[in-house]
Amino acid sequence: MMLFSEFVGHEDAKLALILNAIDFRCGGVLFIGEKGSGKSTLSRLFKNLLPDGTPFIELPLNITEDRLIGGIDIEKTIKYGRRIFQKGLLCNADTGVIYVDDINLLPLEMATLILEVQDKGEVLVEREGFTSRYPSRFILIASMNPEEGNISPHILDRFGMCVLWESLKDKQQRIEVIKKAAFAEIEQSGQRTSSDIGLKKKISSCQLSLENTGIPEPTNEYISQLCLENNISGHRGDIYLTYAGRAWAAYDGHKEVSKDDVDKVSALVLTHRKRMLQEIEQKLDQSKHHHENSPEEHEKEEYRQHAKNPKRDFDRERLNKIETDEWKDSNRQRVESNPKEEIFEIGTPFKIKRMFFKKDRIYRTASGRRTKTRVKDRGGRYVKSVFRKRKDIAIDATLRASAPYQKMRGREDRLIIHEEDLRFKQRERKMGHLVIFVVDGSGSMAAQRRMIGTKGAILSLLTDCYQKRDKVSMIVFRKERAEMVLPPTRSVEFSLKKLKDMPVGGKTPLTAGLLEAYKLIQRVRMKSPETRFLLVLVTDGRANQTMTGTPVRDEIKRVVDLLNELHVTDFIVVDTEDKKGFIKTDLALQIASQLRANYYTVENIKSEFLTELVQIKRKGLS
Amino acid sequence: MIFPFTAIVGQEEMKTGLILNVIDPSIGGILIMGEKGTAKSTAVRALADLLPEMEVVKECPFNCNPEDVLCSRCRERLRSEGPLPREKKKMRVVELPLGVTEDRLVGTLDIEYALKKGEKRFEPGILARANRNFLYVDEVNLLEDHIVDLLLDSAAMGVNTVEREGVSFTHPSKFILVGTMNPEEGDLRPQLLDRFGLCVQVTSIQDKALRMEILRRKGDFDSNPSQFVKIWGAEQKALSQKIMSAKGKLNTIKVTEDLLEKIVHITLSLSLDGHRADIVIMKSARAISALRGKMFIDSEDIRGAAQLSLRHRLKRFPFEEIGKESEKVQAVLSRIG
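If you read the protein sequences in the order shown, they are chains A and B.
Counting with this note's numbering, you get residues 32 to 653 for the letters of the first sequence.
Counting with this note's numbering, you get residues 24 to 360 for the letters of the second sequence.
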């Protein structure tokens with residue numbers, strides 16, 4: 032048997048759990064970390080620290096809303112002929128723990144609901160004819176792997192604490208981990224469990240001393256000041272910091288909460304809140320980049336250096352590293368060929384800005400992660416039941432609707448279901464897209480090795496496509512014609528290979544490239560009319576090769592008009608033209624405006640890692 | 024009649040990987056990468072057939088092990104009726120079709136029962152049938168995302184907890200996950216790759232003599248299956264006994280500190296995420312050593328285990344190519360003694 036107190040490393044995570052066990056008002060904890068680093072293992076061991084009989088509910092990803100909140104109890108309702116309520120997991124979790132593994136994979140509505148209940152300490156039931164409230168105070172523990180997708184900042188903010196963790200790098204510690212994991216079942220438990228029992232006792236005695244642990248005025252002041260200095264938005268930071276500080280003081284045996292106690296826990300409470308702020312700061316910094324450092328700026332900078340918890344910044348770096356390190360070694364190779372036709376290496380990729388799609392109401396069968404769509408066939412997640420008729424009957428909801436009337440309708444054996452009882456399933460799943468890259472491979476792109484940055488940009492977009500489960504296709508136009516170098520595929524490996532080997536040189540038949548994309552879209556639509564498309568045009572706009580002999584700009588205009596008729600397509604234009612150069616054509620910009628495309632330059636398509644995680648204003652489709 | 028496991032020609036890595044999972048199911052399954060027609064599903068079926076029967080609670084749809092964690096139904100039965108009756112069952116291969124829906128996978132409200140009786144009952148899904156069996160997912164990379172999430176959720180816990188459509192139910196769901204994929208048809212997220220304990224690559228056999236041998240055996244089997252099975256009977260029995268005895272002595276196998284250090288050295292020098300790789304190498308080395316009938320794990324076991332456990336974990340990013348990485352493994356492995 033594994034023990035909580037013997038869990039190797041991750042002291043901050045253990046501390047966060049202990050503090051929550053001492054005072055559930057600490058607001059729960061979120062573990063963010065890479066796969067297989069022990070997040071779930073530790074969370075489950077947390078059980079050992081709680082009094083016997085404490086509810087510990089692991090929330091399965093398959094949960095439906097009625098089981099979460101509660102709803103009509105079919106069996107009893109039919110039997111007694113009146114509505115009888117069946118409590119949901121949130122009610123059952125009262126005074127206990129809810130553990131959500133991979134919270135970022137839980138439907139957003141569910142996650143929001145859980146956090147709202149945690150915040151209020153009660154469940155409000157307003158469904159299937161019930162209006163009631165039940166107490167529901169629980170410690171929420173959740174884990175997530177950021178590689179799997181991000182979490183809404185609103186949800187992040189609701190967590191009292193957040194711990195970023197990575198797997199241990201220390202050799203001896205790793206050996207300990209293997210031993211514990213591989214030989215856990217063989218070892219004798221017996222006296223070894225005593226360490227957890229001791230910790231459990233200590234926690235319950237701390238709970239008693241909690242009320243007697245005072246918070247002197249200076250500490251209160253210090254907490255507010257700390258939150259102000261860190262620009263923590265809202266008051267959750269202050270509140271959680273107070274509770275956490277007090278819990279720590281009680282745990283460490285202090286009569287009152289000192290500044291040191293606050294410092295001890297501030298990283299746990301503020302890390303994830305501060306990050307939001309840093310994003311804003313960065314934006315601010317960028318916008319007034321040309322200003323000289325003002326005195327306040329200077330002070331801020333100084334503060335940052337003297338940050339009470341250097342760990343904070345370290346953590347951020349660490350998260351950044353998770354993202355960038357993976358790129359470093361690969362993709363550096365450069366293939367030389369004749370000077371006219373060059374193959375450039377791929378520039379360092381980066382996290383790109385979120386690509387938005389318009390929502391529509393077409394029912395689809397596609398699968399992917401980018402845009403949520405209503406689902407036509409029976410796949411996808413059953414979100415809720417609705418009245419609107421379709422083929423997919425939600426039997427559970429139908430039964431619930433009919434249950435109260437069974438006595439009245441004189442049921443003898445089988446249930447009597449009337450048409451008005453029928454409910455239908457509304458399913459949802461995120462839909463993928465076909466993302467078509469139309470890439471300029473002409474000679475002008477080779478100038479000043481611009482192709483390297485461009486390839487980096489494309490690779491970044493490809494990464495995004497991968498995470499969102501899009502299909503991708505690539506068309507390259509150069510010399511006399513456009514060529515589809517990559518037919519629609521989900522394999523990113525292929526796309527990478529094609530990208531690597533993409534040669535550059537020759538004239539710029541931009542029209543041909545766009546036309547090829549247009550043809551591809553038409554073809555795919557014939558086969559699967561539900562697909563949505565994203566056309567990413569990457570060019571410096573120096574079109575100089577016509578297909579028909581008409582002036583280049585007229586020709587482009589014509590194809591653009593064709594493309595505009597495609598209502599299922601969104602456009603992105605990435606302009607690689609050197610804007611500081613002598614001759615600017617800004618043709619890419621013109622095309623972008625004609626297509627109503629999102630327009631980026633190679634420079635501004637970059638966005639910092641975690642932007643999605645911390646974006647304050649998010650109107651996204653999640 | 025099922026083609027005997029021992030009569031399958033070649034594909035040694037795949038066969039070993041499967042056997043190791045039987046010896047220690049906590050290794051966490053196996054991902055088989057490769058083309059069609061390389062005896063992937065034949066091997067899995069044949070292995071299930073080879074193994075002796077296991078003891079289950081009689082008539083339990085979840086194949087509960089009477090000695091282990093029970094399902095909600097068996098727990099209830101134990102409380103009301105006392106000791107549970109037992110029966111013997113063969114290990115099976117449960118297939119997960121690509122178009123599977125969420126409710127069929129995890130189980131759901133038994134609709135017919137509810138309509139007829141007005142009572143709730145849990146209708147077991149695929150995860151129920153998979154308990155203590157092989158769960159075979161052909162082309163796992165084409166499976167819908169949310170299905171994969173659910174699948175891994177219960178694979179990780181060994182328990183399927185169902186909270187949906189008015190029913191609450193828990194049953195054990197410990198299965199040996201066997202996934203196949205053809206990498207050209209799309210990737211599997213690295214997070215999912217990591218969840219598979221082992222990974223092997225299969226290719227069609229190029230050796231002419233071996234290819235002819237395959238044809239010969241296949242022909243013999245097809246024309247007179249019972250005769251063929253009889254001929255291979257002794258070998259089958261020997262392997263089955265070897266596997267079961269390895270399984271029995273797994274917990275007695277020892278490992279020295281410096282070998283653990285070697286494992287960590289391998290994973291650290293390849294800078295792998297998480298501890299799963301360490302643990303899987305350890306567990307498979309232990310199973311290999313048990314299969315070889317030894318009492319101690321040695322470097323050779325570890326090398327063998329690392330070969331099987333690392334291939335899919337090195338691909339830390341979707342765009343990295345697998346080929347180059349396996350050179351890295353070889354380099355690191357050759358350096359350990």
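All C-beta atoms in this analysis are idealised placements derived from N, C-alpha and C, irrespective of residue type, glycine included.
These figures come from a predicted structure and were not determined experimentally.
Residue from the options with nearest C-alpha to residue i
| i | options | result |
| --- | --- | --- |
| VAL289(A) | GLY276(A), GLY229(A), GLN437(A), MET175(A) | It should be noted that the sequence gives Ser, not Val, for residue 289(A). When each option's Cα is compared against that of SER289(A), the closest is GLY276(A). |
| LEU174(B) | VAL129(B), LEU216(B), GLU162(B), ASN205(B) | VAL129(B) |
| TYR111(A) | THR520(A), ILE552(A), LYS438(A) | LYS438(A) |
| ARG491(A) | ASP427(A), VAL605(A), SER74(A) | For clarity, residue 491(A) is Ser in the given sequence; the question names Arg instead. Closest by alpha carbon: VAL605(A). |
| LEU566(A) | ARG75(A), ILE467(A), ASN51(A), MET175(A) | ILE467(A) |
| ARG589(A) | TYR549(A), PHE602(A), LEU620(A) | TYR549(A) |
| LEU453(A) | ALA432(A), LYS610(A), LEU618(A) | ALA432(A) |
| ILE263(A) | PRO249(A), TYR282(A), SER297(A) | SER297(A) |
| ILE206(A) | MET114(B), HIS298(B), GLU90(B), ALA354(B) | HIS298(B) |
| ARG114(A) | ALA280(A), PRO435(A), SER235(A) | PRO435(A) |
| LEU199(A) | SER68(A), LYS232(A), LEU137(A), ILE145(A) | SER68(A) |
Whole-angstrom distance between residue j and residue i, CA atom to CA atom
| i | j | result |
| --- | --- | --- |
| ILE31(B) | GLY40(B) | 14 Å |
| CYS425(B) | PHE26(B) | Nothing about residue 425(B) can be reported from this structure: the residues present for chain B run from 24 to 360 only. |
| ILE100(A) | THR290(B) | 44 Å |
| PHE515(A) | GLY40(A) | According to the sequence provided, residue 515(A) is Met. The question's Phe does not apply to it. Spanning the two alpha carbons is a distance of roughly 52 Å. |
| ASP230(B) | THR72(A) | 46 Å |
| ARG481(A) | VAL190(B) | 59 Å |
| LEU530(A) | ILE209(A) | 40 Å |
| ASN164(B) | ARG218(B) | 13 Å |
| VAL116(B) | ALA213(A) | 27 Å |
| PHE77(A) | PHE35(A) | 6 Å |
| ASP269(A) | TRP196(A) | 24 Å |
| THR302(A) | VAL60(A) | 12 Å |
| GLU153(A) | THR126(A) | 11 Å |
| ARG335(A) | ALA173(A) | Low per-residue confidence applies at ARG335(A): pLDDT is 43, beneath 50, and the placement is therefore not dependable, though the value from the model is reported in the following sentence. Going from the Cα of ARG335(A) to the Cα of ALA173(A) covers about 29 Å. |
| ASP592(A) | ARG627(A) | 11 Å |
| ASN79(A) | ALA329(B) | 34 Å |
| GLN117(A) | GLU188(B) | 12 Å |
| LYS654(A) | GLY316(B) | Not covered by the structure: residue 654(A). The range shown for chain A is 32 to 653. |
| ILE55(B) | PHE157(B) | 14 Å |
Cβ shell of residue i (< 7 Å), same chain only, five flanking positions each side left out
| i | result |
| --- | --- |
| GLU332(A) | Because GLU332(A) sits at a pLDDT of 43, beneath the cut-off of 50, its placement in the model cannot be relied upon, and the point is left open. |
| LEU73(B) | PHE28, GLN259, LEU262, SER263 |
| SER177(B) | LEU150, ASN183, SER196 |
| ALA62(B) | ILE31, GLN34 |
| GLY472(A) | VAL507, PHE508, ARG509, MET533, PRO534, VAL535 |
Neighbourhood of residue i by C-beta distance below 8 Å, restricted to the same chain and skipping five residues each side
| i | result |
| --- | --- |
| LEU120(A) | ILE88, LEU90, ILE94, ARG98, LEU99, ILE129 |
| SER332(B) | GLY220, LEU221, CYS222, ALA300, VAL303, ILE304, SER307 |
| HIS169(B) | GLU125 |
Cut-off 6 Å between Cβ atoms - residues of its own chain near residue i, not counting five sequence neighbours on either side
| i | result |
| --- | --- |
| LEU171(A) | GLY59, ILE129, GLN149 |
| ALA269(B) | ILE46, ALA313, LEU314 |
| ARG563(A) | HIS464, VAL599 |
| PHE85(B) | CYS94, ALA151, ASN154, HIS194 |
| PHE508(A) | PRO540, ALA543, GLY544 |
| GLY327(B) | ILE311 |
| ASP132(A) | SER71, SER174 |
(request) Take every Cβ of the segment 117-135 of chain B, pair it with every Cβ of the segment 145-152 of chain B, and state whether three or more of those distances are shorter than 8 Å. (result) In this structure the segment 117-135 of chain B lies against the segment 145-152 of chain B, because at least three pairs of beta carbons, one per stretch, are closer than 8 Å.
(message) Is it the case that the segment 197-208 of chain B contacts the segment 314-329 of chain B, given that we only count it when at least three CB pairs across the two stretches are under 8 Å?
(response) No contact exists between the segment 314-329 of chain B and the segment 197-208 of chain B.
(request) Return the residues of the segment 67-85 of chain A that lie within a Cβ-Cβ distance of less than 8 Å from chain B, sorted by chain order. (result) Flagged, chain order: GLY67, SER68, GLY69, SER71.
(request) Closer than 8 Å, Cβ to Cβ, to anything on chain B: give me those residues from the segment 236-263 of chain A, in chain order. (result) Along the segment 236-263 of chain A, none of the residues has a CB nearer than 8 Å to a CB of chain B.
(request) Mind checking the segment 199-213 of chain A against chain B and listing, in chain order, the residues whose C-beta falls within less than 8 Å of any C-beta there? (result) Of all residues in the segment 199-213 of chain A, those with a C-beta nearer than 8 Å to a C-beta of chain B are LEU199, LYS200, LYS202, ARG205, ILE206, VAL208, ILE209, LYS210, ALA212, ALA213, reading in chain order.
(request) Note down, in chain order, all residues in the segment 314-327 of chain B with a beta-carbon under 8 Å from any beta-carbon belonging to chain A. (result) Flagged: no residues at all.
(message) Does the contact criterion of 3 or more C-beta pairs under 8 Å hold for the segment 280-289 of chain A versus the segment 239-249 of chain A?
(response) A contact exists between the segment 280-289 of chain A and the segment 239-249 of chain A.
(message) Within 8 Å, do at least three Cβ pairs link the segment 241-257 of chain B to the segment 280-288 of chain B?
(response) The segment 241-257 of chain B and the segment 280-288 of chain B do not touch, with fewer than three beta-carbon pairs separated by less than 8 Å.
(message) So if I threshold CB-CB distances at 9 Å, which residues from the segment 426-448 of chain A count as touching chain B?
(response) Per Cβ criterion, the list reads ILE426, ASP427, ALA428, LEU430, ARG431, ALA434, GLN437, ARG442, ASP444, ARG445, LEU446, ILE448.
(request) Check distances from the C-beta atoms of the segment 285-299 of chain B to those of chain A and list, in chain order, the residues that come in under 9 Å. (result) Here the close residues are ILE286, VAL287, HIS288, THR290, LEU291, SER294, LEU295, ASP296, GLY297, HIS298, ARG299.
(request) Output, in sequence order along the chain, the residues in the segment 125-156 of chain A whose CB is closer than 8 Å to any CB in chain B. (result) Those residues of the segment 125-156 of chain A that come within reach of chain B (Cβ to Cβ, closer than 8 Å) are ASP132, ASP133, LEU136.
(request) Could you run through the segment 92-106 of chain A and flag, in chain order, every residue whose CB is less than 9 Å away from some CB of chain B? (result) Here the close residues are LEU92, ASN93, ILE94, THR95, ASP97, ARG98, LEU99, GLY102, ILE103, ASP104, ILE105, GLU106.
(request) Determine which residues of the segment 179-195 of chain B have a Cβ less than 9 Å from any Cβ of chain A, and write them out in chain order. (result) Going along the segment 179-195 of chain B in chain order, one finds ALA179, MET180, VAL182, ASN183, THR184, VAL185, GLU186, ARG187, GLU188, GLY189, VAL190, SER191 with a Cβ nearer than 9 Å to chain A.
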